[in-house]
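Structure first, commentary second.
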Amino acid sequence: MHSFVFERYEIKYLITKEQYDSISEIIAQNMEEDSHGRSTIQSLYFDTNKSLLIRQSIDKPTYKEKLRLRSYGVATKNSDVFLEIKKKYKQKVYKRRIVMNENNAHIFMNQYNPKTDTQIAKEISYMKLLYKDLEPRILLIYDRCAYSSNDLRITFDTNVRYRLNDLSLSKGLYGEKILDDNRILMEIKTSSTIPFWLARLLSDNKIYKTSFSKYKEAYQKLLMEEDDNEFVRINI
């Protein structure tokens, strides 16, 4: 069981395809595609049956946390997946992950008090005990192009979709779209400051920060579905 820790600022921008076309060549000149390059990512979010974690996050507290299971492409029982705690304190993001195969990840999440051999695994176990009824609630799927250079990482997410059933990383890459086809979610991730060339590039193309959240958008869809189900139940 391998573990990784990330500590950085994450800044989001919702851009058009036209803006992407204007900046992508310059970014490619200054950075390189990272180890995952172009890939399809699945992120399975765990929450309580009352959606406590996401509701706390929407309230914009000083501190918030999420628990998710992530894969690159469709997972098989023996492929590596990433079980992650993502925390945000003030403006800084702390991501702590352990790597295991998909089968062991489900065993880990379904056991009441699994044996752990890393600090991060112990933190995840504590989170399970703290929230008690954590379960898969929302699956996000998106196509990502990622660039990196030293401390800087930039990602572009397209074809962002979600689903509220078949909540498994092994069931395929289908889902309902969250963003229209002309929108791209850009994220800048760094532990320091944005370099001048990039700040100038954003300014020249009128690209500004946003608070857009893929998870929040999917949660709004979940609320709508639950309201519809309640309406049907009452009127039967």
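Per our numbering, the very first residue in the sequence shown carries number 118; after that it's consecutive. We put the beta carbon where it would ideally sit given N, CA and C, even for glycine. Every value quoted in this text rests on a predicted model; they were computed, and no experiment measured them.
Please name the residue, chosen from the options, that lies closest to residue i on a Cα-to-Cα basis.
| i | options | result |
| --- | --- | --- |
| Glu182 | Tyr243, Leu340, Ser266 | Tyr243 |
| Ser285 | Lys306, Arg213, Ala192 | Ala192 |
| Leu169 | Tyr279, Lys245, Ile128, Ala238 | Lys245 |
| Ile128 | Asn322, Leu302, Tyr332 | Leu302 |
| Tyr180 | Leu131, Thr157, Ile171, Tyr206 | Tyr206 |
| Leu184 | Arg214, Gly190, Lys333 | Arg214 |
| Phe199 | Asp283, Phe329, Glu135, His119 | His119 |
| Lys194 | Gln337, Leu251, Asn299, Lys288 | Lys288 |
Within the continuous alpha helix (DSSP H) that includes residue i, where are the two ends?
| i | result |
| --- | --- |
| Tyr162 | From DSSP, Tyr162 is part of no alpha helix (DSSP H) but of the beta strand (DSSP E) over 149-164. |
| Leu319 | 313-321 |
| Ser239 | It should be noted that the sequence gives Lys, not Ser, for residue 239. Taken as a continuous stretch (DSSP letters only), the alpha helix (DSSP H) holding Lys239 covers 236-248. |
Quick one: measure Cβ to Cβ for residue i and residue j, integer angstroms, because I've assumed they're closer than 8 Å.
| i | j | result |
| --- | --- | --- |
| Arg254 | Asp164 | 4 Å |
| Ser156 | Arg261 | 6 Å |
| Arg333 | Ile175 | According to the sequence as given, residue 333 is Lys; it is not Arg. The Cβ separation is near 6 Å, so the contact holds. |
| Ser266 | Glu149 | 7 Å |
| Leu257 | Tyr291 | Wrong, their Cβ atoms sit about 12 Å apart, outside the cutoff. |
| Ile132 | Ile311 | About 15 Å separates the two Cβ atoms, so there is no contact after all. |
On the criterion of 16 or more Cβ atoms from any shown chain inside 10 Å, does residue i qualify as buried, or is it exposed?
| i | result |
| --- | --- |
| Ile224 | exposed |
| Tyr137 | buried |
| Gln159 | buried |
| Asp297 | exposed |
| Phe273 | buried |
| Gly154 | exposed |
| Ala87 | No answer is possible for residue 87: the residues shown for the chain start at 118 and end at 353. |
| Leu340 | exposed |
| Lys203 | buried |
| Val277 | buried |
| Glu124 | exposed |
| Phe313 | exposed |
| Lys294 | exposed |
| Phe121 | exposed |
| Ala263 | buried |
| Ile353 | Caution applies to Ile353, whose pLDDT of 45 falls short of 50 and renders its modelled position unreliable; the value that the coordinates give is listed next. Flag for Ile353 reads exposed. |
| Lys306 | buried |
| Ser188 | buried |
| His161 | In the sequence on display, residue 161 carries Leu and not His. Buried, because 16 or more other Cβ atoms sit within 10 Å of the Cβ of Leu161. |
Tell me which residue opens and which closes the beta strand (DSSP E) that residue i is part of.
| i | result |
| --- | --- |
| Asn276 | 269-280 |
| Ala192 | Counting along the chain, Ala192 falls outside any beta strand (DSSP E), and DSSP gives it neither H nor E. |
| Leu296 | Here Leu296 belongs to no beta strand (DSSP E), and DSSP marks it neither H nor E. |
| Leu257 | 252-266 |
| Ile171 | Unbroken run through Ile171 is the alpha helix (DSSP H), 169-175; no beta strand (DSSP E). |
| Ile224 | No beta strand (DSSP E) contains Ile224, which is instead part of the alpha helix (DSSP H) from 219-227. |
Kindly identify the DSSP beta-bridge partner or partners of residue i.
| i | result |
| --- | --- |
| Thr133 | Arg300 |
| Asp138 | Asp138 pairs with nothing; no bridge assigned. |
| Glu182 | Lys204 |
| Glu127 | Lys306 |
| Tyr211 | Glu124, Lys204 |
| Lys326 | Tyr130 |
Does the CB of residue i have a neighbour CB from chain C at under 8 Å?
| i | result |
| --- | --- |
| Lys134 | In the structure shown, chain C cannot be found, because there is only a single protein chain. |
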